[in-house]
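All remarks here apply to the structure that follows.
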Amino acid sequence: DEDNRIKINEEIHGVEEYLQKPDLKKVKSLDVSVIIDRIIVTSVDDEENINRLSDSVLTAFYEGEGVCCLDVFNTDRKNHKTISFSNKFELDGITFEKPVEHFFSFNNPFGACSECEGFGSIIGIDSNLVVPNKSLSVYEEAIACWKGEKMKRWKDRLINNAAEFEFPIHRPFSELSEQERDLLWTGNKYFKGLNDFFKYIEKKSYKIQYRVMLSRYRGKTKCPKCRGTRIRPDASFVKINDHSITDLLVMPASKLLHFFEDIKLNSFDKKVGERLLLEIITRLKVLCDVGLDYLTLNRSTNTLSGGESQRINLSSSLGSSLVGSMYILDEPSVGLHPRDTARLIKVLLSLKDIGNTVIVVEHDEDIMKVADQIIDLGLYAGSDGGNIIFQGDHNAISRDKKSITACYLNGTLSIDVPSKRRSWTDHIKIEGASENNLNHIDARFPLGAMTVVTGVSGSGKSSLVKNILFPAVDKFLGGYGKKIGDYKSISGSLEMISSVEFVDQNPIGKSSRSNPVTYVKAYDDIRRLFADQQISIQMGFKPSHFSFNVDGGRCEECEGEGKIKVEMQFMADIQLLCDSCKGNRFKKEILSVRYQDKNIAGILNLTIDEAIQFFTKNEGVYERSIVRKLMPLRDVGMGYIKMGQPSSTLSGGEAQRIKLATFLGIKKTDTQKNVLFIFDEPTTGLHFHDIKKLLQSFNALINQGHSIVIIEHNLEVVKNADWIIDLGPEGGDEGGNLVFEGIPEEIINEPKSYTGRYLAKKL
1 DEDNRIKINE
11 EIHGVEEYLQ
21 KPDLKKVKSL
31 DVSVIIDRII
41 VTSVDDEENI
51 NRLSDSVLTA
61 FYEGEGVCCL
71 DVFNTDRKNH
81 KTISFSNKFE
91 LDGITFEKPV
101 EHFFSFNNPF
111 GACSECEGFG
121 SIIGIDSNLV
131 VPNKSLSVYE
141 EAIACWKGEK
151 MKRWKDRLIN
161 NAAEFEFPIH
171 RPFSELSEQE
181 RDLLWTGNKY
191 FKGLNDFFKY
201 IEKKSYKIQY
211 RVMLSRYRGK
221 TKCPKCRGTR
231 IRPDASFVKI
241 NDHSITDLLV
251 MPASKLLHFF
261 EDIKLNSFDK
271 KVGERLLLEI
281 ITRLKVLCDV
291 GLDYLTLNRS
301 TNTLSGGESQ
311 RINLSSSLGS
321 SLVGSMYILD
331 EPSVGLHPRD
341 TARLIKVLLS
351 LKDIGNTVIV
361 VEHDEDIMKV
371 ADQIIDLGLY
381 AGSDGGNIIF
391 QGDHNAISRD
401 KKSITACYLN
411 GTLSIDVPSK
421 RRSWTDHIKI
431 EGASENNLNH
441 IDARFPLGAM
451 TVVTGVSGSG
461 KSSLVKNILF
471 PAVDKFLGGY
481 GKKIGDYKSI
491 SGSLEMISSV
501 EFVDQNPIGK
511 SSRSNPVTYV
521 KAYDDIRRLF
531 ADQQISIQMG
541 FKPSHFSFNV
551 DGGRCEECEG
561 EGKIKVEMQF
571 MADIQLLCDS
581 CKGNRFKKEI
591 LSVRYQDKNI
601 AGILNLTIDE
611 AIQFFTKNEG
621 VYERSIVRKL
631 MPLRDVGMGY
641 IKMGQPSSTL
651 SGGEAQRIKL
661 ATFLGIKKTD
671 TQKNVLFIFD
681 EPTTGLHFHD
691 IKKLLQSFNA
701 LINQGHSIVI
711 IEHNLEVVKN
721 ADWIIDLGPE
731 GGDEGGNLVF
741 EGIPEEIINE
751 PKSYTGRYLA
761 KKL
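In terms of our numbering, the sequence shown is residues 1 to 763.
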């Protein structure tokens, strides 16, 4: 009976006979086939044989779940060949799953790459950390981990044998071919490559020095299996118009739109996909209309700016064609070049025209001009604000005499163009920048001046400044661990700066214990001042008693929080005012200590402006120090915030300005070198009046001898630059070029520059 026979590793056995084998448990791997039939064919025209063969093949396909093997023997039974058949999706030994919707989604376990689980990257050895300076050759120690007495033997073996396989050891790493770079990792019979080197280090990682070394070169690297596309590799074999899903995922939205508009389908596919194509094209058009035509579909959301995320949400609403809805947008122009703002305005107007209500919190002048109603709040900020100063259209607000916004719109107040630009000779030069869409560009960043990097959205500004300039300078100054983008070399007056500071919009603290006054170190002096009061000395209170972070003076019921968190299990936690201290955060005896008739809780409840006025009344050492540390907060336009306001309640723009104020408050010593400050869109959330104060703060930093590089779209800042680096001309694949480098007065003559076109109106 053939059903009782099986083929194991090319040998035929009876099932019962094989199961009786005593050494069966020791067998580690088996290639097992169930024999359905054995037949001797003497004539190809024998109908009985044909029918029997057909039945056996059908049975084999059924029992084998779509797979059938045919063993063909010669008459002497010495030579034979095996032919495999499959009714699955199979080619070249690869068996494919039946394509379904989830097969093409990296957000579903079925479609995600099994190696990186749909993230596109894994933690491994980062090639950029292994070869940080690509302008060096292998002979000049381009490979950082092959330096030093112990490790240079790996490099020496390559150099000594390079002639055997014609490897160019004196050629800069950036000029090596892809095959030559791969060889450095894989090695050959003449030398062991980097893969073997790091395996050796991992084996030795029981020693701390090897663990430290390994950590220096670890980082997020592109997944080797899916090449960063995040989707299972076999999904790429399904193609439409010669394009796979992975080809479409790495296309910018603008190119993807053209692909679907020009797609050629047969009559059946066209009928099936007609409705889908309409939806795809509509949504891609909206994505392009809101200025996101440079984004690819596989872009991670955690790499998007706040403005980009908001515009994606906006495009989602537009794509669904909702009507009769109210949209409330918080600064949708964040991160937008003036050219892209014009496109955003069209989108907002189209939302209104189809029957929706649009409310926008905005400082952009162009968006104000198209508004049907402007509601202006003020007059100032904090306790001096909260009043409706004006409500009406753009023409009416321009005539209003009370509104500060009106004064800037009608020209009564303005941000002046500098009478002359700062001259400079010392600079930092980046050569061959090629990260993301940058096209091997060179750029100079002056020292002792204000450089503004401009360009439309997606032109490569962040790639140049955040991914190359900042980490490259940091590495030169002794830092390590920051991933550096692709570039050829960095040169110039690097020895003239002592540190590089990236002042971003990340929170200065996420807990209620962190606040502006502790961040600028003014609270240390306030605590010492209270500890110096007569009643504190009598009761033995030290400065630590006036801290809500440590035991001693804080309310122990709420541990200095002022509120008590109540866990609601299946709902969000709620915060209740502490019954013991009534939200004052301190014990009664601590609150009994007063300075100028205010206790420590009263001081923390003052705004920065009120605190400066309060402490200026006395000329003591502590008072002068407190005022000196608080003044920069007022200078950057933060006078309205409360001294003890939790940092978690501050916006990104406010957090950035508090960081700026901290640097303004540091006294520069004769021995201290200059600092390179890098700002990413510091005008986010700022009114014209606040931008004016911000520019004064920038000038104060430069007058102290520091240098500033700003990524910015706001033309008020751009016109105040000493040097402009304009990238573009477009975003995505059509960007990444150096369009212009020079002073603002010259960029207006550059025909390719969108920045120059819009800046001309401001100069």
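Beta carbons are placed, not taken as given, at the ideal position from N, Cα and C, and that holds for glycine.
Owing to the predicted nature of the structure, the values given are computational and were not obtained by experimental measurement.
Since I believe L686 is in contact with L694 (beta carbons under 8 Å), could you give me their beta-carbon distance rounded to a whole number of angstroms? Looking up residue 694 in the sequence shown gives position 694. Looking up residue 686 in the sequence shown gives position 686. The pair is a contact, with the Cβ atoms about 6 Å apart (cut-off 8 Å).
Going straight from the alpha carbon of Q391 to that of D376, what length do you get? As a position in the sequence shown, residue 391 is number 391, starting the count at 1. As a position in the sequence shown, residue 376 is number 376, starting the count at 1. C-alpha separation (whole angstroms): 6 Å.
When DSSP builds the beta bridges, which residues end up paired with T454? Taking the first residue of the sequence shown as position 1, residue 454 is located at position 454. Paired residues: D726.
Could you tell me which residues DSSP puts in a beta bridge with V566? By one-based count along the sequence shown, residue 566 stands at place 566. Its beta-bridge partners are I574.
When the Cα of Y62 is compared with those of N87, E48 and E47, which residue comes out closest? On the sequence shown, position 62 is the one that residue 62 refers to. Comparing Cα positions, the closest option is N87.
Minimum length 4: unbroken alpha helix (DSSP H) runs contained in the region 732-761: The qualifying runs are 744-747 and 754-759.
Using the three-state DSSP reduction, which class does L70 fall into: helix, strand or coil? By one-based count along the sequence shown, residue 70 stands at place 70. Correct three-state label for L70: strand.
Hey, out of S54, I6 and L53, whose CA is closest to D31's CA? The count along the sequence shown starts at 1 and reaches residue 31 at position 31. Among S54, I6 and L53, the Cα nearest to that of D31 belongs to I6.
Using the rule of at least 16 other Cβ atoms within 10 Å of the residue's Cβ for burial, across every protein chain shown, is N618 buried or exposed? Residue 618 sits at position 618 when you count from the first residue of the sequence shown. Exposed.
Output the distance between the C-alpha atoms of K204 and D156, rounded to the nearest integer angstrom. Position 204 of the sequence shown, counted from the start, is the residue given in the question as residue 204. Position 156 of the sequence shown, counted from the start, is the residue given in the question as residue 156. Straight-line Cα distance between these residues: approximately 21 Å.
Go ahead and label I428 buried or exposed: buried means 16 or more other beta carbons lie within 10 angstroms of its beta carbon, across all protein chains shown. In the sequence shown, counting from the first residue as 1, residue 428 sits at position 428. So I428 counts as buried.
Any idea if E730 is buried or exposed, counting beta-carbon neighbours within 10 angstroms, 16 or more meaning buried? If you number the sequence shown from 1, residue 730 lands on position 730. That one is buried.
Tell me the DSSP bridge mates of V361? Within the sequence shown, residue 361 is the residue found at index 361, counting from 1. D330, per the DSSP bridge assignment.
Whole-angstrom C-beta distance between W424 and L447, which should lie under 8 Å: Locating residue 447 in the sequence shown gives position 447, counting from the first residue. Locating residue 424 in the sequence shown gives position 424, counting from the first residue. Approximately 7 Å separates the beta-carbon atoms of L447 and W424; this is inside 8 Å, confirming the contact.
Give me whichever residues DSSP pairs with G432 in a beta bridge. Within the sequence shown, residue 432 is the residue found at index 432, counting from 1. DSSP lists no bridge partner for G432.
How long is the line joining the alpha carbons of T229 and Q704, rounded to whole angstroms? Taking the first residue of the sequence shown as 1, we reach residue 229 at position 229. Taking the first residue of the sequence shown as 1, we reach residue 704 at position 704. Near 47 Å, if we compare the C-alpha coordinates of Q704 and T229.
Looking at the structure shown, is F119 part of a helix, part of a strand, or coil, going by DSSP? Along the sequence shown, one-based indexing puts residue 119 at 119. In this structure, F119 counts as coil in the three-state DSSP scheme.
Classify R153: buried if its beta carbon has 16 or more other beta carbons within 10 angstroms, exposed otherwise. Position 153 of the sequence shown holds residue 153. Result: exposed.
Please report the Cβ distance between G485 and I468, rounded to the nearest whole angstrom; I am assuming they are in contact, meaning their Cβ atoms lie under 8 Å. The residue you call residue 485 lines up with position 485 of the sequence shown. The residue you call residue 468 lines up with position 468 of the sequence shown. The pair is a contact, with the Cβ atoms about 4 Å apart (cut-off 8 Å).
Quick check on this structure: which residue in S457, R513, E745 and S434 has the alpha carbon closest to the alpha carbon of L489? Looking up residue 489 in the sequence shown gives position 489. Residue 489 is actually Ser in this sequence, not Leu. Taking each of S457, R513, E745 and S434 in turn and checking the Cα distance to S489, the smallest one comes out for S434.
Taking C-alpha atoms, which residue in F85, S493 and S462 lies nearest to L477? As a working note, residue 477 is residue 477 in the sequence shown. A check of alpha carbon separations from L477 across F85, S493 and S462 identifies S493 as the nearest.
Whole-angstrom distance between H258 and L314, CA atom to CA atom: On the sequence shown, position 314 is the one that residue 314 refers to. On the sequence shown, position 258 is the one that residue 258 refers to. Distance between the alpha carbons of L314 and H258: 22 Å.
Opposing strand residues paired with E501 [DSSP bridges]: Counting from one through the sequence shown, the residue named residue 501 turns up at place 501. DSSP output for E501 lists F677 as bridge partner(s).
Taking the runs of the beta strand (DSSP E) that are 3 residues or longer, which of them lie wholly in the region 462-519? With a minimum length of 3 residues, the continuous beta strand (DSSP E) runs that stay inside the region 462-519 are 489-492 and 497-503.
Coarse secondary structure for P543, derived from DSSP in three states: Position 543 of the sequence shown, counting from 1, holds the residue named residue 543. Note: P543 maps to helix in three-state DSSP.
Give me the DSSP bridge partner(s) of Y595. On the sequence shown, position 595 is the one that residue 595 refers to. The bridge partners DSSP lists for Y595 are K598.
Does the distance from the C-beta atom of S499 to that of V675 stay below 7 Å? In the sequence shown, the residue the question calls residue 499 occupies position 499. In the sequence shown, the residue the question calls residue 675 occupies position 675. Taking 7 Å as the Cβ cut-off, S499 and V675 qualify as a contacting pair.
Cross-strand partners of R343 (DSSP beta bridge): Walking along the sequence shown from the start, residue 343 turns up at place 343. When beta bridges are read from the DSSP output, R343 appears opposite no residue.
Going straight from the alpha carbon of I397 to that of I404, what length do you get? As a first step, residue 397 is located in the sequence shown; it is residue number 397 there, counting from the start. As a first step, residue 404 is located in the sequence shown; it is residue number 404 there, counting from the start. C-alpha separation (whole angstroms): 10 Å.
Could you please give the first and the last residue of the uninterrupted beta strand (DSSP E) stretch that includes E826? Past the boundaries of the shown model lies residue 826; the chain is included only from 1 to 763, so the question cannot be answered.
Does the count of Cβ pairs from the region 508-518 and the region 647-658 closer than 8 Å reach three? Touching, per the Cβ criterion.
Who are K220's beta bridge partners in DSSP? In the sequence shown, residue 220 corresponds to position 220, counting from 1. Partner(s): I123.
Just mark K542 as buried or exposed, buried being the case when its beta carbon has 16 or more other beta carbons within 10 Å. Taking the first residue of the sequence shown as 1, we reach residue 542 at position 542. Its Cβ having fewer than 16 others within 10 Å, K542 is exposed.
Extract the residue ranges of the alpha helix (DSSP H) inside the region 215-265, only unbroken runs of 4 or more that lie entirely within it. DSSP runs (the alpha helix (DSSP H)) wholly in the region 215-265: 245-249 and 253-261.
Cβ pair Y190, E164 closer than 7 Å: On the sequence shown, position 190 is the one that residue 190 refers to. On the sequence shown, position 164 is the one that residue 164 refers to. Yes, the Cβ-Cβ distance between Y190 and E164 is below 7 Å.
For G732 versus G460, is the C-beta spacing smaller than 7 Å? Residue numbering aside, residue 732 sits at position 732 when the sequence shown is read from its first letter. Residue numbering aside, residue 460 sits at position 460 when the sequence shown is read from its first letter. Not a contact, by the Cβ cut-off of 7 Å.
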